[in-house]
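What follows is one structure encoded as structure tokens, with my remarks underneath.
There are 2 protein chains.
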Amino acid sequence: MTLTDVAQHAGVSPQTVSRSLRSPELVSDSTRERVRASIASTGYVPNLAARNLASNRSMTVAAIIPSISASVFADAVHGLDHELSSHGYQLFIGSTDYSADREEELVRALLGRRPDGMFIVGTEHTAKANQLLKEARIPVVEAWSLTDSPIHSQVGFSNREAVRSLVQYGHAQGYRHPTFAGSLQPGDARAIERRRGFEASVRAIYPNEAIRVLDSGNHGADMDAGVALLDRVLSEHPETDLIVFSSDIFAAGALLECARRRISVPGDIAVIGFGDFEIAAHTVPRLTTVAAPSHDIGTRAGRVLLESMHSASESTQEIDLGFTIVARESA
Amino acid sequence: MTLTDVAQHAGVSPQTVSRSLRSPELVSDSTRERVRASIASTGYVPNLAARNLASNRSMTVAAIIPSISASVFADAVHGLDHELSSHGYQLFIGSTDYSADREEELVRALLGRRPDGMFIVGTEHTAKANQLLKEARIPVVEAWSLTDSPIHSQVGFSNREAVRSLVQYGHAQGYRHPTFAGSLQPGDARAIERRRGFEASVRAIYPNEAIRVLDSGNHGADMDAGVALLDRVLSEHPETDLIVFSSDIFAAGALLECARRRISVPGDIAVIGFGDFEIAAHTVPRLTTVAAPSHDIGTRAGRVLLESMHSASESTQEIDLGFTIVARESA
DNA sequence: TTGTATGCGTTATCAC
DNA sequence: GTGATAACGCATACAA
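One line per chain: the protein sequences are A and B, in this order. Residues in the first sequence are numbered from 1 upward in steps of one, following this note's numbering. Residues in the second sequence are numbered from 1001 upward in steps of one, following this note's numbering.
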């Protein structure tokens, strides 16, 4: 069923059918009604790919996230979708599984769909991906972490500041020997920002303290890696009384292991995570961590995109949404 | 940047560029290399909307789910995406927010993108949505629950068997007077299946027991309805020692109300839900329920779609993936 | 191995 | 208020 079929059925030109759909006010009541009836009886569904090609607008936005099943990103996509769909935009989605190469691949593939805007988690991309994004001449929102050299707009919070707050919180709770532990691979720019935040704040808050940072290396970001990190903290830095993990996952693994070994948390050692994932509220003791405004990031990103897509001006926005320390029992 | 631009740059015809991309083996090494270089230096990104129009294949799949941020559906989409993206398909996503009208709207809109396949959660759609889906002539996988009259293929689990297992579990825990409570409107085949499962299994397991079934009627499927159902169970069937709700939502409402009234769960009365929604792990006491194999549903649905899209035969599949009883503290 | 003609379904532009 | 015509960027079929 095409526009032409409907036109024949209604006894008008294809152009008139197109008009009744796009700008009904330019069409007389009687023909508009005839067209409406023909559309209903033929079961015509407009081909948006053709519309896209002819009008040079796709009414789509592409979203690139590390993982769909990570609830923080799902929340963001939910907010994004809510904002965009109410304005008639549809959402393309791709997940990188935290791989920069996969991200570049996705950027290329999704750009091929000619989206009117792009939402992408993170500010660290391959050189090629960066270039593609810039040359695409569409609004791009980089979300989550904030950077000094965004491609276009950005919506997020400062990982660095968040960790600084965490260290301050730990200091206020009376801990004196914090150690940072996480995966600090080049791929994960957010983890690196967190480490930087840790180093800077320890330097400021604990001027006489050594700066202890442990890298889990190139292993998976799973709870087992958290156990391994705990092990290393205990053996390499036995003076530690507070571990700041770069992710709730690591922290949860460490917490489990502490229970197994009858290490009291936070009595013997305190534990802090990052992300406020679901698991953080279910560990024993429950995990103190920092929450990103996931849903808001999506919503605000959606609004920024809508504005940019409609105004066609090149103006960009940088929005810092802050974060929340979630104080529970583990520290 | 278009195919033609690249062709001019490389000094060949547009056709040759197209061929070097689609079937490189038909092009001589030297020209292929020239084309490759031109693509790289022009930063050409193929327009997939145009390719879609010309080739009548979009290499996209549309997924319609109730909510992106519900982890069960996010897991399914993750599995689906993983399966499809490895074969070059991209994913369109839409969330209905549990509204049938919104679902119909989405079906229409996403069908406009001419996806090569469709993934949709649930088997109950508006008449119009059903018709659109059938007339789209693309493979459709209805996921989650199983129905007797699928549109095309389906991947899910048997609600009937799941409730039967729940009743068996309740019996094993020592409960002797189970009552089923839920929304049993004629439209909702899944709830009816659950009721049937309840009736059949009570008949088999409790031969001397009356079969108690309560219908919340034509109200919303929200926590308040759960409170109302609890009320009716207590007044109409005071002998009840186990309530099997047709949804975690109802069960969670009932649990909250029990806390308010100082009714001990499971001491005074036990409660079982259905679905293993996120809330089930957050109630006090935590809710015993049944979990769908979310991620597997997505993965298998992806495979079914791939087969159907490639074979072009009209063959359909019906896959029962089973379920898992999640035993927590409420029963 | 490469090039030419034609069409995919729609919108934009300009006529009437 | 309505219609004819030419794009949009690519693939298909066929020809060379």
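The C-beta atom is built at its ideal place from N, Cα and C for all residues, glycine as well.
Practice task
Check whether the Cβ atoms of Val1244 (chain B) and Val1326 (chain B) sit closer than 8 Å, and answer yes or no.
Solution key: no
Handout entry: 8 Å Cβ cutoff, Ile1093 (chain B) in contact with chain A
Key = yes
Exercise for the section: Please state whether DSSP places Arg212 (chain A) in a helix, a strand or coil. Expected result: strand
Exercise for the section: Return the CA-CA distance between Glu1033 (chain B) and Gln1008 (chain B), expressed in angstroms with no decimal places. Expected result: 15 Å
Exercise for the section: Indicate whether at least one CB of chain B lies closer than 8 Å to the CB of Ser71 (chain A). Expected result: Yes - at least one Cβ of chain B is within 8 Å of the one on Ser71 (chain A).
Handout entry: Tyr89 (chain A) versus A:Cys258, A:Glu209, A:Glu104, A:Ala62, residue with shortest Cα-Cα distance
Key = A:Ala62
Handout entry: Which of helix, strand or coil DSSP assigns to Glu1142 (chain B)
Key = strand
Practice task
Give, in chain order, every unbroken run of the beta strand (DSSP E) that is at least 3 residues long and sits entirely within the stretch 266–293 of chain A.
Solution key: 270–272, 289–291
Handout entry: Residues, ordered as in the chain, of the stretch 108–131 of chain A that lie near chain B by beta-carbon distance below 8 Å
Key = Arg108, Ala109, Leu110, Leu111, Gly112, Arg113, Arg114, Gln131
Handout entry: Residue range of the unbroken alpha helix (DSSP H) whose run includes Leu1026 (chain B)
Key = Looking at the DSSP string, Leu1026 (chain B) is not in any alpha helix (DSSP H), and its letter there is neither H nor E.
Problem - Counted within 10 angstroms of its Cβ, other Cβ atoms place Asp97 (chain A) as buried (16 or more) or exposed - result: exposed
Practice task
Spell out a yes or no on whether the stretch 1228–1240 of chain B and the stretch 1193–1202 of chain B are touching, meaning 3 or more CB-CB pairs, one atom from each, closer than 8 Å.
Solution key: no
Practice task
Can you tell me which of B:Gly1112, B:Leu1229, B:Ile1297, B:Val1006 puts its alpha carbon nearest to the alpha carbon of Gln1154 (chain B)?
Solution key: B:Ile1297
Problem - Cβ-based neighbour list, Pro293 (chain A), same chain, cut-off 8 Å, excluding 5 preceding and 5 following - result: Scanning its chain for C-beta atoms nearer than 8 Å, with the 5 sequence neighbours on each side dropped, one finds around Pro293 (chain A) the residues Phe157, Leu321, Gly322, Phe323, Thr324, in chain order.
Problem - Option in B:His1177, B:Glu1318, B:Ile1249 with minimal Cα separation from Thr1289 (chain B) - result: B:Ile1249
Exercise for the section: Check the DSSP bridge columns for Pro178 (chain A) and list the partner residues they point to. Expected result: A:Leu242
Handout entry: Chain-ordered residues of the stretch 35–62 of chain A with a beta carbon less than 7 Å from chain B
Key = Taking 7 Å as the Cβ-Cβ cut-off against chain B, the residues of the stretch 35–62 of chain A that qualify are Gly43, Val45, Pro46, Asn47, Leu48, Ala49, Ala50, Asn52, Leu53, Ser58.
Practice task
With a floor of 4 residues, list each alpha helix (DSSP H) that falls wholly inside the stretch 1070–1120 of chain B, ordered by position along the chain.
Solution key: 1071–1085, 1100–1111
Handout entry: Burial state of Glu1104 (chain B), where buried means 16 or more other Cβ atoms lie within 10 Å
Key = Buried.
Handout entry: Extent of the continuous beta strand (DSSP E) to which Gln1154 (chain B) belongs
Key = 1153–1157
Handout entry: Sheet register partners of Asp1224 (chain B) (DSSP bridge)
Key = None, per the DSSP bridge assignment.
Practice task
Could you say which of A:Ala221, A:Arg113, A:Arg51 lies nearest to Leu3 (chain A) if we only look at CA atoms?
Solution key: A:Arg51
Handout entry: Collapsed DSSP secondary structure at Val167 (chain A) in the structure displayed
Key = helix
Exercise for the section: Would you verify that the beta carbon of Ile1211 (chain B) is, or is not, closer than 8 Å to some beta carbon of chain A? Expected result: When Cβ-Cβ separations below 8 Å define contact, Ile1211 (chain B) makes no contact with chain A.
Exercise for the section: Could you check which residue in B:Leu1021, B:Ser1069, B:Pro1024 has the C-alpha nearest to that of Phe1277 (chain B)? Expected result: B:Ser1069
Problem - Check whether Gly112 (chain A) and Pro1046 (chain B) have beta carbons under 8 Å apart - result: Less than 8 Å divides the Cβ of Gly112 (chain A) from the Cβ of Pro1046 (chain B).
Practice task
Tell me whether Asn159 (chain A) is buried or exposed, calling it buried when 16 or more other Cβ atoms sit within 10 Å of its Cβ.
Solution key: buried
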